[in-house]
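Read through the structure below, which is laid out as C-alpha cells, and then see the notes.
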Amino acid sequence: MCGRFTLTVARIEAVAEAFDAALDPADAAGYRPRYNVAPGDQHWIVRLAAGGRARTLGLAGWGLVNHWAPDAARAFQQINARAETLAQRRAYREALKSRRCVVPTDGFYEWYGPPGARRPMWLRARAGGLLALAGLYEHWTNPKTGEVRTTFTIVTTPPNALVAPIHDRMPAVLAEAEIEPWLAKGDRRVLHAAPDDALVATRVSRRVNSARNDDPSLLEPEREEDAGGQQRLFGGS
DNA sequence: CCAGACGTTGTT
DNA sequence: GTCTGG
DNA sequence: CCAGACGTTGTT
DNA sequence: GTCTGG
C-alpha cells in the first residue's frame, strides 16, 4: 500500500514546473521539504482547474473525506483506494468520474517483516526525481464551522516484481504520458503496477515509524549489520 | 419504506 | 482490542 | 503507515 | 449523495 511518503525537493516551484501546473502562491509560502508525510498531513496535489484543462498545484489533506460525510472521522480509513474496485465503491465512484488528481512525491515507504519487527524500505525512482501517484480528491464542508477542506486518497495496485517480496500492494505510479489521460478522463488503464525496473528500494531506519520524525537522515541507507538480524531480501543492495 | 453504511491494510 | 493523532 | 491513548473531577 | 440491507 502507501502509508507514508516523501517530497524532498528544495523548491515547490520546481514541482509546479515539472507538472506544468499553476502554483497557489498562498500555499507555496509555507513550503518545506518533507521526509515523512503521514496520513492526515497536508500535502500537494495536482488537479485540473474547474471545468478547464489548466492544472493547479495546491495543498490538500491526506485521507479522503467525502462531501456527504457528517464528520471527518473516516479520513484515516480512506488514505488508499484499490484501483480494482474504484468504480464500484460508493466512497470513490463520484470522485473517479470527476475529481482525479496526481500526488507528487519522490519516494514512498513500505514496511515488511514479522509483526513486532517490521522494517521500513524507501522506494524511489531509479534515476531519482519526481514520481506521479494517481489520486482522487474531494471537498468537504465542516458543518460545525463552515470551513471547507480539500482531501485526497492515493490509488493502489498489485505490486511489481521489485515490491512483491516486500508487500502485496503499492501506489499507482503514473508514467509521464499517463498523467493527462488520468487527470482529464479518469482512464483506468493507467492504473497498473510500475515497470519492474522503474524503482529502487533502500532499507532505512525504523525512526521513520514515528511520524514525528521528519528530517533528511531518515533517508540514509541502513547497513545490513544495523538491521537487527532480519533476513536479507535484497542481497545485492 | 427507513436505517445504516460508505474503506484499506495487516494479522489471526 | 480499537480508535485517534502524527 | 506506526505510535499512543484509552478518563473524570476539581483546581490552577 | 447513493446504495444495500432489513
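Residues 64 to 300 (the numbering used here) are what the first sequence spells out, left to right.
For every residue, glycine included, the Cβ atom is placed at its ideal position computed from N, Cα and C.
If you're wondering where the values come from, they're calculated on a predicted model, not measured in any experiment.
Q.
Using 8 Å for Cβ pairs, my map puts L262 next to A235. What's the rounded Cβ distance?
A. The sequence position of residue 262 within the first sequence is 199, counting from 1. The sequence position of residue 235 within the first sequence is 172, counting from 1. Actually they do not touch by this definition, with Cβ atoms about 13 Å apart.
Q. By Cβ distance, which residues of its chain are closer than 6 Å to M64, with the 5 residues on each side in sequence left out?
A. Counting from one through the first sequence, the residue named residue 64 turns up at place 1. Same-chain partners within the cutoff: N143, T219, R232.
Q: Could you tell me which residues DSSP puts in a beta bridge with N143?
A: By one-based count along the first sequence, residue 143 stands at place 80. DSSP, once it has assigned bridges, lists I217 as partnering N143.
Q.
Helix, strand or coil, according to DSSP, for A85 in the structure here?
A. By 1-based counting over the first sequence, the position of residue 85 is 22. In this structure, A85 counts as strand in the three-state DSSP scheme.
Q: Following the continuous beta strand (DSSP E) through E201, name the residue where it begins and the one where it ends.
A: Your numbering for residue 201 matches position 138 in the first sequence. It spans 194 to 204 - the beta strand (DSSP E) in which E201 sits, taken as one unbroken run.
Q. Just how far apart, CA to CA, sit E283 and R266?
A. For this step, residue 283 is matched to residue 220 along the first sequence. For this step, residue 266 is matched to residue 203 along the first sequence. R266 has its alpha-carbon roughly 8 Å from the corresponding atom of E283.
Q: Look at A132 and Y200 and say whether their C-beta atoms are less than 7 Å apart.
A: Walking along the first sequence from the start, residue 132 turns up at place 69. Walking along the first sequence from the start, residue 200 turns up at place 137. Taking 7 Å as the Cβ cut-off, A132 and Y200 do not qualify as a contacting pair.
(Q) Can you tell me whether F297 is helix, strand or coil according to DSSP? (A) Taking the first sequence and counting its residues from 1, one reaches residue 297 at position 234. Any reading at F297 needs caution, since the residue's pLDDT is 41, under 50, leaving its predicted position unreliable; the model's value is listed next. Looking at F297 - three-state DSSP - the assignment turns out to be coil, as it is neither helix nor strand.
Q. If you run the structure through DSSP and keep just helix, strand and coil, what is V211?
A. Reading the first sequence from its first residue, position 148 is the one you call residue 211. Residue state, collapsed to three classes: strand.
Q: With a 10 Å radius around its C-beta and 16 neighbouring C-beta atoms as the bar for buried, classify Q151 as buried or exposed.
A: Translated into the one-based positions of the first sequence, residue 151 becomes position 88. With fewer than 16 other Cβ atoms within 10 Å, it is exposed.
Q. Exposed or buried, D250, counting other C-beta atoms within 10 Å across all chains shown (16 or more means buried)?
A. Here residue 250 corresponds to residue number 187 of the first sequence, with the count starting at 1. Classification of D250: exposed, given that the 10 Å Cβ count is below 16.
(Q) Please report the distance separating the alpha-carbon of K207 from that of A135. (A) Residue numbering aside, residue 207 sits at position 144 when the first sequence is read from its first letter. Residue numbering aside, residue 135 sits at position 72 when the first sequence is read from its first letter. Those two C-alpha atoms are separated by around 12 Å.
Q | Close Cβ partners of L193 (< 6 Å) along its chain, the five nearest in sequence each way excluded | A | Taking the first residue of the first sequence as 1, we reach residue 193 at position 130. In its chain, beyond the 5 residues on either side, A81, P167, D169 have a beta carbon closer than 6 Å to the beta carbon of L193.
**Q.** Rounded C-alpha distance that separates W203 from R269
**A.** Taking the first residue of the first sequence as position 1, residue 203 is located at position 140. Taking the first residue of the first sequence as position 1, residue 269 is located at position 206. About 34 Å.
Q: In angstroms with no decimal places, state the Cα-to-Cα distance between E147 and Y155.
A: For this step, residue 147 is matched to residue 84 along the first sequence. For this step, residue 155 is matched to residue 92 along the first sequence. Their Cα atoms are separated by approximately 12 Å.
Q | Backbone secondary structure at Y175 - three-state DSSP | A | One-based indexing of the first sequence puts residue 175 at position 112. Assignment of Y175 by DSSP, reduced to helix, strand and coil, places it in the strand class.
Q: Figure out for me which residue from N272, L149, A264, E243 has the closest Cα to the Cα of A19.
A: Look at the range of the chain in this structure, 64 to 300, and you will see that residue 19 is not part of it.
Q. Do P69 and Y98 have their CB atoms nearer than 7 Å?
A. The residue you call residue 69 lines up with position 6 of the first sequence. The residue you call residue 98 lines up with position 35 of the first sequence. First, the residue type needs correcting, since residue 69 is Thr and not Pro in the sequence shown. Cβ distance < 7 Å, so T69 and Y98 count as in contact.
(Q) Let's see if you can read the secondary structure: which residues bound the alpha helix (DSSP H) around I108? (A) Within the first sequence, residue 108 is the residue found at index 45, counting from 1. Membership of I108 in any alpha helix (DSSP H) is not indicated; the residue belongs instead to the beta strand (DSSP E) covering 105 to 111.
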